[in-house]
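Peer 1:
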Amino acid sequence: MATGTGTGAVSGPPSWLDLPLGIVGAVLRRLHSSADRAALRSVFRRSWRAGARDYPPLVLAPPLPLVLYPNFALASVFSDGAAATGHRVPLLAALLDGAFPGQCIGCLEDWLVCTWLRLSIPLYPTVGADGACVLVNPFSGEKVSLPSPTATHSCGAIKRSVPVGNGDGEVVCTIHADEYAMALYKAVLSAPPNAGSSSSSELDLGSSCVVAAVSQRKGEYKLAFCTPETPSWCVCEGNCIKSHIDIEFYQGKLYMVDTRNGDLFAFELEAHDRVFPVVSLVERCLIEKLPSAEDGDRQTYNLVQSLGNLLLLVRYFRESWDQFVGVRVFELSFNSNPWKWIEKKSLDGESIFISSSCNKSFAASQYEEIEDDRIYFLDSLCPKFNPKKSDSYSYCSQVYNMRDGTISPFLIGTGPMSSYLGFPMWFCPTQ
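The UniProt record's numbering puts the first residue of the sequence shown at 1, with every later residue one more than the last.
Quick look at the structure:
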């Protein structure tokens, strides 16, 4: 091989990095799977972001929704179909390699909220409680620690009682509780971490990342708030937090629905001691009663934001939870007193994804792989959700068609995953 630098030198084989950035950008815009985008990014590295930045004739559309399995594997179910077995994300899998397993309980944009069980000797009284909670970005590798869901404090508890407007009872919020042991099953974020960060340590409720989470342990429910900067959770209890609930941040408030009876509550927050998010106002929302169900005799409720509106999804069942018979979608209208639920017959180009720890509206009309006006359910209320040993799928999602009212199964994965705790979750990243 020639070693000189003159005209006789032999160049090496062509490299992927020699591709013009215009071609990289064009390819990038045609990849709808996060896994495919990650593969391209690993090849081009520095030119990846340059390709997205320097050739912007089209805004890069969000990738297709992913399924995050309980073993922290991500699967592109809309590009790979039922064969999507998932690829473990190293950063997330590291949480699972300890003696006690973890799970994901929420997400926002590219961030996941992960917990794992507490190792305690003796186990009682914290058995089944979470020992840690962290925000993880599986694409950038960033991690942000949150206060432990199980803790003791000796600095003196701070309590606040807030009466429930238009309702009965009160909500009691405690900061630095002497001890608490929570098992979180869902978390929502008001903003991504660092979104409202500045040189000041004061909490800005309009832009800072506030985490709201729901705990269910030993039959007791709690609603809790924190930020990445707080040393402990603000733990809330009350008569309106006595059963299974769903939560959603919307226009600066946290809305909470009782998933069994549909009662809706609004929580306003303020900063205590400049850094702690605490409840300042609780109201039972005065809303016209929902129309009665025609086909079902039992129902459950979920909240989701879509196109700037707050929606309530009502899932109907007949005789038992195994007989899923229909869905109705209502938009909350604030233009009357009392407020009204206005039924929607279309999702306006969106599809909605509902799982036990993440509800998300997605602009499906941009893609061929997914149809709009569909609602994809992925939780334990789906009939045949968990497979038998002889079945060749991991989970059975149920898809409701808003246009004709039909319900269809959507099989995910290639085999049972019963050895892992927790539930799968829809994940809709931005990159």
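Just so you know, even glycine gets a beta-carbon here, dropped at the ideal spot from N, CA and C.
Quick one: grab the DSSP three-state call for residue 241.
Peer 2: Here residue 241 sits in helix by DSSP.
Peer 1: How do the region 285 to 301 and the region 318 to 329 stand: do at least 3 beta-carbon pairs fall below 8 Å, yes or no?
Peer 2: Touching, yes.
Peer 1: By a C-beta neighbour count over all protein chains shown, 10 Å radius and 16 as the cutoff for buried, is residue 455 buried or exposed?
Peer 2: Here the chain has residues from 1 to 431 only, and residue 455 is not among them.
Peer 1: Determine the DSSP secondary structure at residue 258, reduced to helix, strand or coil.
Peer 2: Three-state DSSP puts residue 258 in a strand.
Peer 1: Taking the beta carbon of residue 366 as the centre, do at least 16 other beta carbons fall within 10 Å, making it buried, or is it exposed?
Peer 2: The residue is exposed, with fewer than 16 neighbouring Cβ atoms inside 10 Å.
Peer 1: In three-state DSSP terms, what is residue 266?
Peer 2: If DSSP states are grouped into helix, strand and coil, residue 266 belongs with the strands.
Peer 1: Taking the C-alpha atoms as reference points, what is the distance between residue 413 and residue 429?
Peer 2: Rounded to the nearest angstrom, the two C-alpha atoms are 20 Å apart.
Peer 1: Within 8 Å, do at least three Cβ pairs link the region 135 to 145 to the region 159 to 171?
Peer 2: Touching, no, given that fewer than three Cβ pairs across the two stretches are closer than 8 Å.
Peer 1: Hey, could you find the ends of the beta strand (DSSP E) residue 432 is sitting in?
Peer 2: The structure shown does not extend to residue 432, since the chain is modelled only from 1 to 431, so the question has no answer here.
Peer 1: So, using beta-carbon positions, are residue 221 and residue 245 closer together than 8 Å?
Peer 2: A contact, by the Cβ cut-off of 8 Å.
Peer 1: CA-CA distance, residue 155 and residue 177?
Peer 2: Taking the straight line joining both Cα atoms gives about 9 Å.
Peer 1: Using CA coordinates, which residue listed in 431, 215 and 379 is at the minimum distance from residue 69?
Peer 2: The shortest Cα separation from residue 69 among 431, 215 and 379 belongs to 379.
Peer 1: Counting Cβ pairs, one atom from each stretch, are 3 or more of them under 8 Å apart for the region 258 to 268 and the region 181 to 191?
Peer 2: Too few Cβ pairs lie closer than 8 Å, so no.
Peer 1: Considering residue 152, what are the terminal residues of the beta strand (DSSP E) in which it resides?
Peer 2: 150 to 152 is the span of the beta strand (DSSP E), which, as asked, contains residue 152.
Peer 1: Measuring CA to CA, which of 107, 358 and 290 is closest to residue 333?
Peer 2: Checking every option, the nearest Cα to that of residue 333 belongs to 290.
Peer 1: Pull up the DSSP beta-bridge partners for residue 408, would you.
Peer 2: The partner list for residue 408 (beta bridge, DSSP) reads 399.
Peer 1: Do the CB positions of residue 398 and residue 377 come within less than 8 Å of each other?
Peer 2: Yes, the Cβ-Cβ distance between residue 398 and residue 377 is below 8 Å.
Peer 1: Nearest to residue 175 by CA position, among 217, 231 and 212, is which residue?
Peer 2: Nearest option by C-alpha distance: 231.
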